[in-house]
Amino acid sequence: MILVISTGSSSIKFQLFQQDENQAFISICKGWAERIFVDGVITIEYKGEKHTYEKPLTNYVETINYIFDYLKALKVINSIEEIKGIGHRVVHGADQFKQSMLASQKVIKELEQINLAPLHNPAAIAVLKIMDEMLNVKNVLVFDTSFHNTIEPEKFLYPVDYQWYEQFKVRRYGFHGISYRFICKKLAAILNKPENKVNAIVCHLGNGASVCAIKNGLSFNTSMGLTPLEGLMMGTRCGDIDPSIADYIASQTGQTISQITNSLNKQSGLLAISNISSDIRDVIKAMNSHDKRATLAIKMFVQRIAKYIVDYANQLKVALDAIVFTAGIGENSSLIRQMVIDEVSLLNLKIDVKANETKYDQFNLISQAPSQYPIYAIRTNEEIIICEDTNLLINQN
Ligand code: ADP
6 MILVISTGSS SIKFQLFQQD ENQAFISICK GWAERIFVDG VITIEYKGEK
56 HTYEKPLTNY VETINYIFDY LKALKVINSI EEIKGIGHRV VHGADQFKQS
106 MLASQKVIKE LEQINLAPLH NPAAIAVLKI MDEMLNVKNV LVFDTSFHNT
156 IEPEKFLYPV DYQWYEQFKV RRYGFHGISY RFICKKLAAI LNKPENKVNA
206 IVCHLGNGAS VCAIKNGLSF NTSMGLTPLE GLMMGTRCGD IDPSIADYIA
256 SQTGQTISQI TNSLNKQSGL LAISNISSDI RDVIKAMNSH DKRATLAIKM
306 FVQRIAKYIV DYANQLKVAL DAIVFTAGIG ENSSLIRQMV IDEVSLLNLK
356 IDVKANETKY DQFNLISQAP SQYPIYAIRT NEEIIICEDT NLLINQN
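According to the working numbering, the residues represented by the sequence shown are 6 to 402, in order.
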């Protein structure tokens with residue numbers, strides 16, 4: 006079995022995979038520990054049943070121990086020895102980690118030295134260290150940034166003081182790379198062509214959202230930057246804005262730059278404009294009841310996605326195999342898909358209204374002739390990529 010872990014500042018999501026007779030990994034159980042350090046609740050989904058445990062979770066060690074205790078109590082595992090590898094999702098690999106890595110003391114040290122992602126990496130590193138010390142299991146790190154290491158300097162550099170790049174590694178890194186890898190692989194299977202021939206624009210629209218231009222199966226450009234704050238308007242993140250806003254607001258309010266950055270990360274985007282919610286379902290509902298701010302938020306959200314699609318189609322300069330919508334919003338909101346495509350007037354794209362509304366399992370072709378390019382909704386699966394990388398690395402070493 007392979008355990009896949011995704012750690013947030015107050016949560017640990019996990020999924021357990023088991024190899025079937027064809028060596029394919031199948032998800033057998035998933036769960037999440039939430040509100041760690043606050044009060045604590047662990048939920049485990051196994052064999053179609055949901056088990057919820059309310060338990061004070063005061064630290065990660067305790068949380069991890071409870072997770073394993075419950076997995077044993079539910080007979081998902083008999084002992085931890087059945088788990089052959091643990092794959093950890095790590096948000097920021099900076100320019101050091103160009104691919105997934107087996108954890109070692111040296112690797113963990115290097116990872117700790119990346120100070121580019123103070124909001125994202127520390128929790129994952131804490132849990133990784135605990136598991137590395139506590140269990141006799143190999144740990145593997147899979148990075149959200151690695152897929153983007155093929156982006157060229159003219160696209161990853163900011164036009165700012167070059168020393169910021171040389172001294173402080175200020176550049177665009179891009180995120181959601183694990184999801185883009187899955188989509189690229191899936192597209193290759195759908196289109197029946199090699200992965201290294203796939204050309205596509207993928208819109209990963211979740212609470213965090215980004216767009217990726219994929220050329221010959223590699224990341225060519227993506228909308229997030231040094232941190233996940235750049236690019237599209239998101240649930241609570243602002244995306245692209247004039248950087249001098251920070252200085253101006255600091256002078257007007259006395260807030261520090263980090264307070265303002267926190268607001269740009271956590272109080273902006275759909276939440277700020279709609280004044281209702283960061284969850285697009287709530288905002289769409291309000292828009293349908295003619296709420297002005299909600300309508301404005303959705304318009305802004307959609308226009309920015311369209312802007313990137315047009316820009317990337319222009320940059321790619323090749324016929325696209327697909328335009329893809331994925332993640333929570335992209336997979337589930339036919340309305341947002343339709344609105345985005347309606348906004349892309351420079352390409353001749355045409356949604357098949359009926360197909361767009363159709364329920365689907367893994368993927369759905371939602372365009373119709375004479376659409377210039379096929380348009381798909383595809384369900385992403387970052388966990389399976391982490392699981393497969395983990396399996397590969399623990400068997401190589
Ligand atoms: P993240 O992994 O970044 O937290 P997700 O990929 O889970 O985000 O996506 C969360 C977003 O997906 C939320 O804005 C939520 O409203 C949206 N979403 C989920 N289900 C639906 C749905 N059926 N229709 C529209 N939006 C949905």
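Virtual Cβ for every residue (Gly too), placed ideally from N, Cα, C.
Extent of the continuous beta strand (DSSP E) run through residue i
i    : result
G90  : G90 to V95
K35  : F30 to E39
V216 : A214 to K220
V46  : V46 to Y51
Q20  : I17 to Q24
Y381 : I380 to I383
I281 : First-last for I281: undefined, no H or E at that position.
A205 : A205 to L210
F152 : Looking at the DSSP string, F152 is not in any beta strand (DSSP E), and its letter there is neither H nor E.
E59  : E54 to E59
F368 : F368 to L370
I10  : I7 to T12
Other residues of its chain near residue i: CB distance less than 7 Å, five sequence neighbours each side excluded
i    : result
A287 : In the sequence as presented, Ala is not what sits at residue 287; that position holds Asp. Hits under 7 Å: I281.
A409 : No information on residue 409 is available, as it lies outside the stretch 6 to 402 that the chain covers here.
E87  : M6
E128 : A small fix is needed here, since residue 128 is Ala in this sequence, not Glu. Answer for A128: T12, G13 and S14, listed in chain order.
Of the residues the options, the one placed nearest residue i, counting alpha carbons only
i    : options                   : result
H333 : I254, D296, A214 and K304 : Checking the sequence, you will find Gly at residue 333 rather than His. Among I254, D296, A214 and K304, the Cα nearest to that of G333 is on A214.
I356 : V315, I328 and I303       : I328
S283 : V349, M238 and T266       : M238
K114 : K103, W169, Q343 and A131 : A131
A277 : Y253, S294, A302 and I265 : A302
F225 : N353, T150, Q343 and I390 : T150
N369 : G236, G259, N396 and I188 : I188
I135 : F173, I17 and E87         : I17
S339 : L397, H97, N201 and I380  : I380
I49  : A324, I41, R40 and K35    : K35
F22  : N400, I399, E393 and A194 : E393
N144 : F173, R94, K271 and Y51   : R94
F306 : L321, Q260, G335 and Q172 : G335
Q172 : V315, N120, N141 and T331 : N120
R40  : E54, T68 and E26          : T68
I250 : L269, G240, T232 and T241 : L269
R298 : S279, D316, Q308 and K304 : S279
L79  : I33, Q24 and M139         : I33
Y71  : I47, K55, G92 and Q260    : I47
I5   : K190, W37, L107 and H97   : Residue 5 lies beyond the residue range present for the chain, which begins at 6 and ends at 402; the question has no answer from this structure.
T57  : N64, Y167 and A38         : A38
F148 : L76, G240, Q343 and V96   : V96
N396 : E117, I91 and P248        : I91
F30  : A218, I156 and L8         : L8
Y51  : Y75, V66 and Y65          : Y75
D137 : V175, K89 and A99         : K89
T385 : S84, I85, K191 and A122   : K191
H125 : E387, T232, D316 and T266 : T232
Terminal residues of the alpha helix (DSSP H) in which residue i lies
i    : result
L321 : K297 to L321
F187 : G182 to L196
K77  : Y65 to A78
L269 : I262 to K271
L116 : Q110 to E117
T395 : E387 to Q401
I135 : N126 to M139
N120 : From DSSP, N120 is part of no alpha helix (DSSP H); its letter is neither H nor E.
V358 : V358 to E362
F173 : Y167 to F173
F225 : Here F225 belongs to no alpha helix (DSSP H); instead the beta strand (DSSP E) covers L223 to T227.
F161 : P158 to F161
Close-in-space but distant-in-sequence residues of the same chain around residue i (CB under 6 Å, 5 per side omitted)
i    : result
Y313 : V216 and S228
S376 : L354 and K355
R177 : F161 and G230
F152 : G182, Y185, R186 and S224
Y378 : L325 and I328
G211 : A332 and G333
F330 : C208, R342 and A382
V323 : N204
Neighbourhood of residue i by C-beta, 8 Å cutoff - its chain only, sequence neighbours within 5 removed
i    : result
Q373 : K355, I356, D357 and A360
D44  : E59, P61 and L62
E235 : R177, S228, M229, G244 and D245
K103 : S151 and N154
A2   : The structure shown does not extend to residue 2, since the chain is modelled only from 6 to 402, so the question has no answer here.
I389 : F22, F30, S32 and F187
T266 : L234 and A251
(request) Under 5 Å from any heavy atom of the ligand ADP, by CB: list those residues in chain order, please. (result) G211, N212, G213, D284, I285, R286, A332, G333, I334, N337 and S338
(request) Jot down the residue ranges of each uninterrupted beta strand (DSSP E) in the segment 324 to 352, minimum 3 residues, whole runs only, in chain order. (result) 327 to 331
(message) As an exercise, report each continuous alpha helix (DSSP H) stretch of at least 4 residues that is fully enclosed by the segment 231 to 260, in chain order.
(response) Scanning the segment 231 to 260 from its first residue to its last, the whole alpha helix (DSSP H) runs of 4-plus residues come out as 249 to 258.
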